[in-house]
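First to last, the protein sequences are chains G and L.
Going by our numbering, the first residue of the first sequence is number 1, and it counts up by one from there.
Going by our numbering, the first residue of the second sequence is number 1001, and it counts up by one from there.
Glycine included, each C-beta is placed from N, C-alpha and C at the ideal position.
Keep in mind that this is a model prediction, so the values were computed, not measured.
Note sheet for the following structure.
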Amino acid sequence: MHRVAITGLGCISALGHSAAEHWQAARDGRSGIGEISQVSPDLLQVKVAAEVRGFDATGKLSDSQLVSTDRFTQFAIIAARDAVADAGLTFSDELAEETAAIIGTGIGGAVTIDANADRVYAQKRPRLHPMSIPKTMPSAAASYITMDLGLHGPAFGVTSACSSANHAIGEALWMVRTGRARAAVTGGSESCLTYGSLLAWQALRVMAMDTCRPFCVDRKGMVLGEGAGILVLERLDDAKARGARIYAELAGTGLSSDAGSLTDPSAEGAALAMRRALKDAGVAADEIGYINAHGTGTGQNDPAEAAAIHLAFASRGRAIPVSSTKSMHGHCLGAAGALESVITAKAVAEQVAPPTANFTTADPACDLRHVPNEAIDIEVGAALSNSFAFGGLNSVLVMRRVS
Amino acid sequence: MSTDPKAVEEKVIEIVANQRRVDPGTLSLDMKLEDTGIESIDLVEIIFAIEDEFDIDVPQDRDAMKLETLQDVVDGVQRLIAEKNAA
């Protein structure tokens, strides 16, 4: 078994087009939520989203990549390049042979699916672009990353709705740990801000019309976002040997399923995943100095997550700083855990807890040590990043400081 | 739609050149498609663009239409347009 280091971070989100910009905005408490532009707001009741603004892959991707990729794959390729450059990693033939690409997504090529449906059913033009299949497959992001970077290790997509990225990162952790891969490029990507998808989310009645205020008494729900987050994982020994900058050790992963309600989260299920993550990491509960919450801002999630933190941490449940950065980058579904892992790794490296933005007054049902609106300095030996999905699929990651 | 051979030729060359990202002047009708450097994936995109441009359906059965040279493509397109106009 090998210990695993996070040596590279890549990102594209409403907060910026690199991991550095994403982290800086999150640390500063700047929200990327605004009026939606990809779909006419006139067609929607919920008119806000955390969009990736000013995105144009032309010039960044080759012509053949551009014509055969959905927006979610383009995000993933660009974030993966950002992460690998950040890691300062060059893939020798030997390393490329043994590097995995494990990428989560909740939907896959949502933009292509939506556009094709419109073309066939509304425009009555029953001829679809021949790249429609490779554009929509949920594994496309993983495939394209292997082709773009020349990686020959294990590669596949992972899907578990809103916890897809954490499940992917946890799987990549186990691959590097056990030697099934020497290194991994892992994370998640989602581009779900289509007319059809937004209407479907609206129908669930979990969306905020104004903004996302996790854990607040006047919270109205979640705000959808889009983007991709990618981590480079290496053996800790390899990273040290090449003198790499190490953000944190990816120390453990804990998984569980509620086996209960499709949409109502279970505090017990979430707590079980947190406990398993601590055990897997060999980290004691009192070493945890920051929790990046799932924190969707819905009526259901936030009190259940607070209860889960109390179940998992007992008396320390009120002492650990907790924030939800979805208040800034939105809920990016299958990319959520990856965007939050980028932030959590930086929080551990810089000893700073980013805030929950848009914070007003804490909901008494969410009795936690919040970080309202402004980042705080923390002494954090280890941190958790929580992801809980519709369907009760829970995945928690533990990152430990490396000195 | 017109089956004017010159117009169809020019359009087919333009579509293939566009897909290959080459100057149309470098292509000639007697060239084999494989000699233009296309891959199987390019061919399906060329067929898609041709269907869209001429509003015709290229048969799925590969034996139903010979597509060896650019001239074959032009002839096939003209035939499909003619069939469509006659229908």
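- The way I'd put it, the segment 250-259 of chain G does touch the segment 273-283 of chain G; three or more beta-carbon pairs between them come closer than 8 Å.
- For I133 of chain G, the enclosing alpha helix (DSSP H) has its first and last residue at S132 to T136.
- Close to D1052 of chain L, with beta-carbon spacing below 7 Å, are these residues of chain G in chain order: R127.
- Secondary structure within the segment 234-289 of chain G: the alpha helix (DSSP H) runs of 4 or more consecutive residues, fully enclosed, are 236-241 and 267-281 (chain order).
- With a minimum length of 4 residues, the unbroken runs of alpha helix (DSSP H) contained wholly in the segment 151-223 of chain G fall at 164-178 and 195-204.
- DSSP places E35 of chain G within a strand segment (E or B) once states are collapsed to three.
- In summary, the residues of the segment 1034-1063 of chain L whose CB is separated from some CB of chain G by less than 7 Å are V1044, E1045, F1048, E1051 and D1052, in the order they occur in the chain.
- Within chain G, not a single residue places a beta-carbon under 8 Å from that of R1020 of chain L; the smallest gap is close to 10 Å.
- Under DSSP, P372 of chain G takes part in a beta bridge, and its partners are G:T356.
- Taking 8 Å as the CB threshold, D70 of chain G stays off the interface with chain L.
- Under the criterion of beta carbons closer than 8 Å, L1029 of chain L and E1045 of chain L do not qualify as touching, at roughly 20 Å.
- In the structure shown, R400 of chain G adopts extended strand secondary structure according to DSSP, grouped into three states.
- Fully contained in the segment 1-54 of chain G are the following beta strand (DSSP E) runs of length 3 or more, in chain order: 4-12.
- Taking every protein chain shown into account, the CB of N394 of chain G has 16 or more other CB atoms within 10 angstroms, so this residue is buried.
- With the rule of 3 Cβ pairs closer than 8 Å, the segment 325-334 of chain G counts as touching the segment 26-44 of chain G.
- Secondary structure note for F1048 of chain L: its alpha helix (DSSP H) is the uninterrupted segment S1040 to F1054.
- Here the C-alpha atom of E268 of chain G lies approximately 9 Å from the C-alpha atom of E305 of chain G.
- Per DSSP, the unbroken beta strand (DSSP E) holding A100 of chain G starts and ends at T99 to G104.
- Following the DSSP letters along the chain, one finds V322 of chain G inside the beta strand (DSSP E) bounded by residues P321 to S323.
- Using a Cβ distance threshold of 8 Å, N386 of chain G and V396 of chain G count as a contacting pair.
- Residues of the same chain with a CB within less than 6 Å of the CB of K1066 of chain L, apart from the 5 flanking positions on each side, are D1072 in chain order.
- Closest in C-alpha terms to S40 of chain G, from the list G:A312, G:A335, G:G196 and G:A336, comes G:G196.
- Residues are counted here when their Cβ sits less than 9 Å from a Cβ of chain L; for the segment 61-90 of chain G these are D63, S64, V67 and S68, given in chain order.
- Here A49 of chain G really is in contact with I36 of chain G; their C-beta atoms are around 4 Å apart, less than 8 Å.
- Close CB contacts of A335 of chain G within its chain, under the 7 Å cut and outside five residues either way in sequence, are with A165, G188, S189, E190, G227, A228 and G229 (chain order).
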